[in-house]
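Number of protein chains: 2
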Amino acid sequence: MSGPDTTAVPRGRPRDAAVGHKVIETVLRLIAEGTPFGDLTMEGIAREAGVGKATVYRRWAGKDALLLDAMVAVDNPAMPELPGTSFRDDLVVAVETIRRRGLAKRDSAMLRNMLTQAQNNPELWRRYHETVIATRRAALRRLLERGIELGAVRPELGSDLELLVDFVTGPMLVRTAFHQDAPLDEGLAERVVDLILDGIAPDPAE
Amino acid sequence: MSGPDTTAVPRGRPRDAAVGHKVIETVLRLIAEGTPFGDLTMEGIAREAGVGKATVYRRWAGKDALLLDAMVAVDNPAMPELPGTSFRDDLVVAVETIRRRGLAKRDSAMLRNMLTQAQNNPELWRRYHETVIATRRAALRRLLERGIELGAVRPELGSDLELLVDFVTGPMLVRTAFHQDAPLDEGLAERVVDLILDGIAPDPAE
DNA sequence: ACGATACGAGACACCTCCGTATCGTAAATC
DNA sequence: GATTTACGATACGGAGGTGTCTCGTATCGT
């Protein structure tokens, strides 16, 4: 049973993939430089990318569609392979990943813009949450569940894993997203992890 | 020595203070409803406030000046009197204050917008940081220092109070600012504080 | 070669905003 | 009552964005 050939043979000059990349790259650069979403214009993007405006509209119906593709194109530094040597080591890697994302201007600027746009553009936020945030949080949930199995995390905390994820990510996220002048030095992840593991109160057994 | 009367007698019809309030109120409402800074226009604000555009310009030189005043006008739910019954109780009040700010749309929306604008409008960010953020963090630093004195916080952590503030505020801030659908129920602050105090690792003495 | 499509450039009509100015009216001082 | 300023409404030119279209040129399949 042979249906109609959906992959119709394209006629005429094919689209130059490099042009599309160039546009996306320009959008990400502008965002990383601090341009808020609201200040981005199709005209400015085309100008900045050295591309005809019609060429941009040929690929994207409008700014929202373009931003959606730009959002997906941010190469989120994925969480690397966990060493697995200990729960603490794995947690350090996870927190260190957040630190590196904070240093990547593209990633953090995109996040800030999404937070601001969230109420105004729920669909964009939904896609961002689904594509980026949910994935990151799911990885952390798995890590924490493993920690409970290993006995490295108090088991009763497993009843609210979401809170646990907030607790683990919060400190480093606040550092990166909020006061952007705060130092993000090398050993930071380890210090944060030790706080997460042991808290700030003195050892009760002491 | 009598200098010139600086409080010159005003002539003509005096300005209506209610008009200024109405404009500020409108700005805060629009921001709380999710309008990003970039989408705010002097024209739209005047229209929405039912006020002549010239009247707005009579009071503020431009959008930045207006936003500056609007920012200051957000009634930040200040940290209430600390009970002082115990360090933990005080910490719960502090974290609870962050939760209540997160529930106040004006406050959280303003924060999100400031974060996005930070790179683009450093002066506005500086003022916001100075007026709002620095004050809040200073109060927390004092609380934590008192905790060290009381022996409720391990003294060696006092070497990096800023990190400690991030650690204490991070979890609740992430919850309020990031995924705005997360539950912010009543007992949340206490649970967060217990995590902050004891960490997630099992009691080593056990 | 030829038709089809893509490309950069730019023109186009339409819209909104900016910041100022001008109305008629209102509210204060002199 | 005369003068001065504030107020809402509205008009104004200028700037810049939107989305479409038309150029001349380039690059593909046939």
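From first to last, the protein sequence lines stand for chains A and B.
All residue numbers for the first sequence refer to the UniProt record's numbering, where the first residue is 1 and numbers rise by one.
All residue numbers for the second sequence refer to the UniProt record's numbering, where the first residue is 1 and numbers rise by one.
Ideal Cβ placement from N, Cα and C applies to all residues, glycine included.
Which residue marks the beginning of the alpha helix (DSSP H) containing residue i, and which one marks its end?
i	result
His-21 (chain A)	17-32
Asp-166 (chain B)	161-173
Thr-41 (chain A)	No alpha helix (DSSP H) contains Thr-41 (chain A), which DSSP labels as neither H nor E.
Glu-190 (chain B)	188-198
With H, G and I counted as helix, E and B as strand and the rest as coil, what does DSSP make of residue i?
i	result
Asp-75 (chain A)	coil
Leu-91 (chain B)	helix
Ala-152 (chain A)	coil
Asp-64 (chain A)	helix
Arg-59 (chain A)	helix
Glu-48 (chain A)	helix
Ala-182 (chain B)	coil
Ala-201 (chain A)	coil
Glu-81 (chain A)	coil
Arg-13 (chain A)	coil
Pro-4 (chain B)	Only weak support exists for where Pro-4 (chain B) lies, its pLDDT of 46 falling under 50; the value from the coordinates is given anyway. Three-state result, Pro-4 (chain B): coil.
Thr-176 (chain A)	helix
Thr-35 (chain A)	coil
Report the neighbours of residue i on chain A: residues whose CB is nearer than 7 Å to its CB, in chain order.
i	result
Pro-171 (chain B)	Asp-166, Phe-167, Gly-170
Ala-177 (chain B)	Leu-115
residue 209 (chain B)	Because chain B here runs from 1 to 206, residue 209 (chain B) falls outside it and cannot be looked at.
Arg-112 (chain B)	Leu-115, Thr-116
List, in chain order, every chain B residue whose beta-carbon is nearer than 7 Å to that of residue i.
i	result
Asp-107 (chain A)	Those do not exist, as Asp-107 (chain A) stays about 14 Å from chain B at its closest Cβ, beyond 7 Å.
Leu-163 (chain A)	Arg-191
Anything in chain B within Cβ reach of residue i, meaning under 8 Å, just list it in chain order.
i	result
Asn-120 (chain A)	Gly-34, Thr-35, Pro-36, Asp-39
Val-174 (chain A)	Asp-166, Thr-169, Gly-170, Leu-173, Val-174
His-129 (chain A)	His-179
Under 8 Å Cβ-Cβ, which residues of chain A neighbour residue i?
i	result
Ala-201 (chain B)	Ala-152, Val-153, Arg-154, Leu-197, Asp-198
Whose Cβ in chain B lies nearer than 9 Å to the Cβ of residue i?
i	result
Ile-133 (chain A)	Phe-178, His-179
Leu-157 (chain A)	Leu-195, Ile-200
Check whether the Cβ of residue i lies closer than 7 Å to any heavy atom of the ligand NAP, and answer yes or no.
i	result
Val-132 (chain A)	The ligand NAP is absent from the structure shown, which contains no ligands of any kind.
>> For a minimum of 4 consecutive residues, which ranges assigned as the alpha helix (DSSP H) are wholly contained in the segment 95-133 of chain B?
In response: With a minimum length of 4 residues, the continuous alpha helix (DSSP H) runs that stay inside the segment 95-133 of chain B are 105-117, 122-128.
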